[in-house]
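Chemist:
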Amino acid sequence: MEKNFWSSVRTIDCLSVSYVRLQKTQNHQVCPVEEAALDLKEELKTALSPMKEKLERFIKVKKQCEKTANYIRSQAQRTERQVKAEFEKLHQFLQHEEEARLAALREEEEQKSRRMKEKIENITRQVSTLSDKITAIEKAMHTEDISFLKTYRNIKERAQCTLQDPELLSGALIDVAKHLGNLEYRVWEKMLE
Numbered sequence: 026m027e028k029n030f031w032s033s034v035r036t037i038d039c040l041s042v043s044y045v046r047l048q049k050t051q052n053h054q055v056c057p058v059e060e061a062a063l064d065l066k067e068e069l070k071t072a073l074s075p076m077k078e079k080l081e082r083f084i085k086v087k088k089q090c091e092k093t094a095n096y097i098r099s100q101a102q103r104t105e106r107q108v109k110a111e112f113e114k115l116h117q118f119l120q121h122e123e124e125a126r127l128a129a130l131r132e133e134e135e136q137k138s139r140r141m142k143e144k145i146e147n148i149t150r151q152v153s154t155l156s157d158k159i160t161a162i163e164k165a166m167h168t169e170d171i172s173f174l175k176t177y178r179n180i181k182e183r184a185q186c187t188l189q190d191p192e193l194l195s196g197a198l199i200d201v202a203k204h205l206g207n208l209e210y211r212v213w214e215k216m217l218e
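For the working numbering, add 25 to where a residue sits in the sequence shown, where the first one is 1.
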């Protein structure tokens, strides 16, 4: 049996005593207000039941969403810590690589500087020797002719330079390509080991 609300305001006055119940056949049936209210309350209880079930589903899904949101937060924090740890390892690795490569560069600089210093010292000695010979020969050339002629053979022998021409050291400069060539690739390869 389907129950309907009244159709006009005038009917409300009648309801204080009784309630008109409409049936599908449009036959009107009058019943006491208490019974009508009870019937309508039962009807609303029945209508509320699916709403309450839906509310429970919403609450359940909300709790799951809140739980997921909390998990997302903790997951992001944990992942952030892991990312930072991985980058810290990379920083340490790169720092170590930088130190090793700079040490190799300094070692090469020291070796080549030492060799160049030795070469400069050797050339300085040869310059001094040649300068002394030239000065002595020029001095002998300005002596009296008889004295010059007596010492000529000796002076001529001294004028013969037995020193080899100076040469630049091969590989004297820093091998920049060794230190910088494909640096990123070589470091990356080493990182993969």
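Idealized CB from N, CA, C, for every residue including glycine. Every value quoted in this text rests on a predicted model; they were computed, and no experiment measured them.
#1: When the Cα atoms are used, what is the spatial distance from E67 to C56?
#2: Is C56 helix, strand or coil by DSSP?
#3: So D170 is in the alpha helix (DSSP H); what residue range does that whole segment cover?
#4: How close, in whole Å, do the beta carbons of I148 and A165 come, if the pair is a contact with beta carbons under 8 Å?
#5: May I ask you to report which of helix, strand or coil DSSP gives H116?
#6: Any contact between the stretch 143-158 and the stretch 186-193? By contact I mean 3 or more CB pairs, one from each, below 8 Å.
#7: How big is the Cα-Cα spacing for T168 and R178?
#8: Please report the distance separating the alpha-carbon of A110 from that of E143.
#9: Taking I162 as the reference, which of T93, S138, R183 and S195 has the closest Cα?
#10: What residue does the alpha helix (DSSP H) around H167 start on, and which one ends it?
#11: In whole angstroms, what is the alpha-carbon distance linking K77 and L69?
#12: From G196, K215, R211 and S156, pick the residue whose C-alpha is nearest to that of C186; which is it?
#13: Please state whether DSSP places D200 in a helix, a strand or coil.
#14: Provide the residue span of the alpha helix (DSSP H) that contains L188, from first to last.
#15: Helix, strand or coil for S195 per DSSP?
#16: So what's E218 in DSSP terms, helix, strand or just coil?
Modeler: The answer reads as follows:
#1: 16 Å
#2: strand
#3: D170 to A184
#4: The Cβ separation is near 26 Å, so there is no contact.
#5: helix
#6: yes
#7: 15 Å
#8: 49 Å
#9: R183
#10: Neither: H167 is in no alpha helix (DSSP H) and is coded neither H nor E.
#11: 12 Å
#12: S156
#13: coil
#14: Taken as a continuous stretch (DSSP letters only), L188 belongs to no alpha helix (DSSP H), as it is neither H nor E.
#15: coil
#16: coil
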